[in-house]
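Have a look at the structure below before the remarks.
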Amino acid sequence: MQKKKELAEDFIERRSEVFKKNLNKYNKSKEDKYLKWLPDINRKGKYGLLKEAWTFMVQHNLEEKIFIIERFKRIKKGYPITHKKLKIGDIEYRFGYYMVGKNGKRENMWTWGESCPIIPHEDLMKLINKAKKEGTIK
């Protein structure tokens with residue numbers, strides 16, 4: 001039986017609620033489990049980032065693709081790390097996207113894009129301006 005596809009607007013609302021809950025839980029507890037942990041290039045160390053803000057936007061000509069800009073604040077470092085100049089409190093941005101899967105167990109389900117996003121010319125500045133307006137980009 002084929003799973004019914006979730007509308008982009010519903011997916012955005014659902015993911016935003018998850019992000020808000022995680023942010024609120026971290027702000028109350030300061031527990032590491034609410035951070036996004038990224039590995040250091042040396043594969044031994046890691047960085048704990050707090051997702052502070054995010055902006056979603058559907059691609060203008062493809063309703064099954066949603067762009068996201070996320071603002072992260074570096075909260076913790078797990079040593080050893082390679083890049084000594086990266087500081088606690090640094091702000092970094094991640095550009096990503098979700099797409100509706102077309103086959104296998106992810107068919108008709110929103111799935112994180114596993115490569116760098118390709119953004120149409122018509123959408124790039126619109127996405128950046130939306131992120132500025134929403135406060136994701138300061």
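Residue numbers are given in my numbering: position 65 of the sequence shown equals residue 65, and the series is strictly consecutive. By construction, the Cβ of each residue, glycine as well, lies at the ideal position given by its N, Cα and C atoms. Just so we're clear, the structure is a prediction, and the values are computed from it rather than from any experiment.
Between the segment 44-55 and the segment 73-93, the count of C-beta pairs closer than 8 Å reaches three or more; the two stretches touch. Closest in alpha carbon position to residue 121, among 49, 74, 60, is 60. About 6 Å separates the beta carbons of residue 49 and residue 38, which is inside the 8 Å limit, making them a contact pair. Within 10 angstroms of the beta-carbon of residue 125 lie fewer than 16 other beta-carbons, which makes it exposed.
In the three-state reduction of the DSSP assignment, residue 48 falls in the strand class, which pools E and B. For residue 72, the closest of 63, 35, 58 by C-alpha to C-alpha distance is 35. Taken in chain order, the unbroken stretches of beta strand (DSSP E) that lie wholly in the segment 22-72 and span 3 residues or more are 36-39, 46-59. Residue 134: member of the alpha helix (DSSP H) spanning 121-134, first to last residue. With contact defined as three or more Cβ pairs closer than 8 Å, the segment 112-121 and the segment 93-104 are in contact. In this structure residue 3 touches residue 107 by the C-beta definition: roughly 7 Å separates them, less than 8 Å.
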